[in-house]
Each structure stands twice: as structure tokens, then as C-alpha cells.
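Engineer:
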Amino acid sequence: MTLSETHPRPYRLSGLLLLAQFVLMWAAFFILMPAINWPASLGEPPAVILPLILEQAGPVFAGYTSYLLHALLLIPLAVTLRATLKMSPIMGTTAVALGVLAGLAKALGITRWLFLMPGLAVAYTNPEASEATRDAIAVVYEAFNAYAGGLGELLGVGLFAGVWTVLISVALVRLGGGARLIGLAGFIAAAGLFSTLPSVVGIESPILLTLSGIVWQIWTAVLAVWHFRARA
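Counting with this note's numbering, you get residues 1 to 232 for the letters of the sequence shown.
(1) So for Gln21, helix, strand or coil by DSSP?
(2) So Ile110 and Ala71 are in contact, right, with Cβ under 8 angstroms, and what is the actual spacing, rounded?
(3) Express the C-alpha separation of Glu128 and Val166 in angstroms, rounding to a whole number.
(4) Rounded to whole angstroms, what's the CA-CA distance from Gly152 to Ser130? Just pull it up for me.
(5) What is the C-beta distance between Thr80 and Pro10, in whole angstroms, given that I count them as a contact (C-beta under 8 angstroms)?
(6) I need the straight-line Cα distance from Ala47 to Leu54, nearest angstrom please.
(7) Compare the beta carbon distance of Gly156 and Ala171 with 9 angstroms and say whether it is the shorter of the two.
(8) Can you tell me where the alpha helix (DSSP H) with Phe187 in it begins and where it stops?
(9) Let's see if you can read the secondary structure: which residues bound the alpha helix (DSSP H) around Phe61?
(10) Would you mind stating whether Leu68 and Tyr141 have Cβ atoms separated by less than 9 angstroms?
(11) Of the choices Arg174, Gly213, Trp26 and Val100, whose alpha-carbon is the least far from that of Ala190?
(12) My output table needs one value for Glu128: the three-state DSSP class, helix, strand or coil.
(13) Beta carbon of Gly43, beta carbon of Val225: below 9 angstroms?
(14) Note down, in chain order, each residue of its chain lying with its Cβ closer than 7 angstroms to the Cβ of Leu120, except the 5 sequence neighbours on either side.
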């Protein structure tokens, strides 16, 4: 009995994880977009977004919970892809570390919308709150949004997930066949993620950010199909 027979690579599990994170990401989008005009509303001032968060508390909680679960699924996915893509020990360990960091950084950035922002929204919209209180809340909102947003969107998505996608794509290209085509497409998806990094110096494009996320999600869906077919 060969090693592959005694320890079958988790193609099905990887496919399910890829599909699950895809569904959760789009569920978050279709819940939050009509509720708070997400992701465009991320750039709105506190006076606009905080009352909206309170008004749409249910959809905000449901949408960001789905988004959080999507991010956390990247952690086990990083582990299973190391096996299914037959990565070398060094490359596999590096890919797992980057995938875990991407998931954690993204998740930490998302949690502000579940725990901090609702509290700020309640305090900001309190009829008894003074103008000074609202100004202080606005400062907290802006500061934490910049910090957590940078952690989740720049480090989690732009850097860690971008480099992780490159490593996955390299592994796919090495496998040859249909996997090679998916790997080549993965380099395009990774380039889209890297395109969000210039926002560190103030060069931002909300449209590019949205498109890069859509391209990456489509790529993961194709990768999920490949895993199911490889398992079959």
C-alpha cells in the first residue's frame, strides 16, 4: 500500500472549504450591500455610517458574522491546500503561515464591526450626547477604523493573501494540466490583491478594491471545482 493510499490527500475537504468561504463571502456582500451600501460606505464619515449601523443592526451583525466566518475558513484551508497541491516542506510551511496570517488579520479587522462599532453607534446617536462627546466618538471611530482597516485589508488581504495566492499558483503550475491554467489565472488574482497596497500612501480606488475581490473569489470557486474533480 502506497503512502497516498494510507494518507489520502484531502481534496474533498479543500473543495468544501473553498466553496464554503466563497458562499459566506457573497452572503456577506448581498446582506451588507443593500443594508449599508457596503463596501462603499466604509469611506463614509461617522455622522453618516454610525446611525446607519444602528438602524441596520440586524443585517450588519448577520453580514459581518458571515464575513468573519469566511476569513476564519482561510486558516484550515491553508493547511489542506499544502497537501492537495503537493507543496514541498519549505514552500508548504510558508504557504500555511501566510494563509493563517491572512485569515487572522482579516478576521481581526472584521471584528470591529461586530463589537466596537455598534457600541459607538449607540453612544453617538444618544439624544443626550453632547457635541463634544460625538466629536470624541468620531475620533475613536476614525482612529480604530484606520488601524483595523489597515490590519485586515492591507496586511490580511493585500499582502498576506496576495503572497499566499502566488505560492498556491506556483504549486498549481507545477502540477501541470488543468491545474496549470488555474495557477496562471491565480497570478492575475494575486496581482489584483496587491493592487490594494498603494492605499497605504493614499492612492485608493474603491472600484479596483471591489473588482480584485470579485476576481479572487471567482478564482477560488474554480479551484474548488478542480478539487472536487481531482477527488472524483
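Where a beta carbon is used, it is the ideal one built from N, C-alpha and C, also for glycine.
Structural biologist: Looking at the atomic coordinates:
(1) Counting from 1 along the sequence shown, the entry for residue 21 is found at position 21. Reduced to three states, the DSSP call for Gln21 is helix.
(2) Position 110 of the sequence shown, counted from the start, is the residue given in the question as residue 110. Position 71 of the sequence shown, counted from the start, is the residue given in the question as residue 71. Sure, about 6 angstroms apart at Cβ, within 8 angstroms.
(3) In the sequence shown, the residue the question calls residue 166 occupies position 166. In the sequence shown, the residue the question calls residue 128 occupies position 128. In a straight line, the C-alpha of Val166 is about 52 angstroms away from that of Glu128.
(4) Start at 1 with the first residue of the sequence shown, and residue 152 comes out as number 152. Start at 1 with the first residue of the sequence shown, and residue 130 comes out as number 130. Computed Cα separation, rounded: 32 angstroms.
(5) Translated into positions along the sequence shown, residue 80 becomes position 80. Translated into positions along the sequence shown, residue 10 becomes position 10. Correct: roughly 5 angstroms between the Cβ atoms.
(6) Here residue 47 is taken as the residue at index 47 of the sequence shown, counted from 1. Here residue 54 is taken as the residue at index 54 of the sequence shown, counted from 1. Taking the straight line from one Cα to the other gives about 12 angstroms.
(7) Here residue 156 refers to the residue found at position 156 of the sequence shown. Here residue 171 refers to the residue found at position 171 of the sequence shown. No, these two residues do not count as a Cβ contact at 9 angstroms.
(8) Numbered from its first residue, the sequence shown carries residue 187 at position 187. Gly177 to Phe194 is the extent of the alpha helix (DSSP H) around Phe187.
(9) One-based indexing of the sequence shown puts residue 61 at position 61. It spans Ala57 to Thr84 - the alpha helix (DSSP H) in which Phe61 sits, taken as one unbroken run.
(10) Looking up residue 68 in the sequence shown gives position 68. Looking up residue 141 in the sequence shown gives position 141. Not closer than 9 angstroms, so no.
(11) One-based indexing of the sequence shown puts residue 190 at position 190. Among Arg174, Gly213, Trp26 and Val100, the Cα nearest to that of Ala190 is on Gly213.
(12) Start at 1 with the first residue of the sequence shown, and residue 128 comes out as number 128. Here Glu128 sits in coil by DSSP.
(13) In the sequence shown, residue 43 corresponds to position 43, counting from 1. In the sequence shown, residue 225 corresponds to position 225, counting from 1. No, these two residues do not count as a Cβ contact at 9 angstroms.
(14) Walking along the sequence shown from the start, residue 120 turns up at place 120. Excluding residues within five positions, the ones whose Cβ falls inside 7 angstroms are Leu50, Ile137, Val140 and Tyr141.
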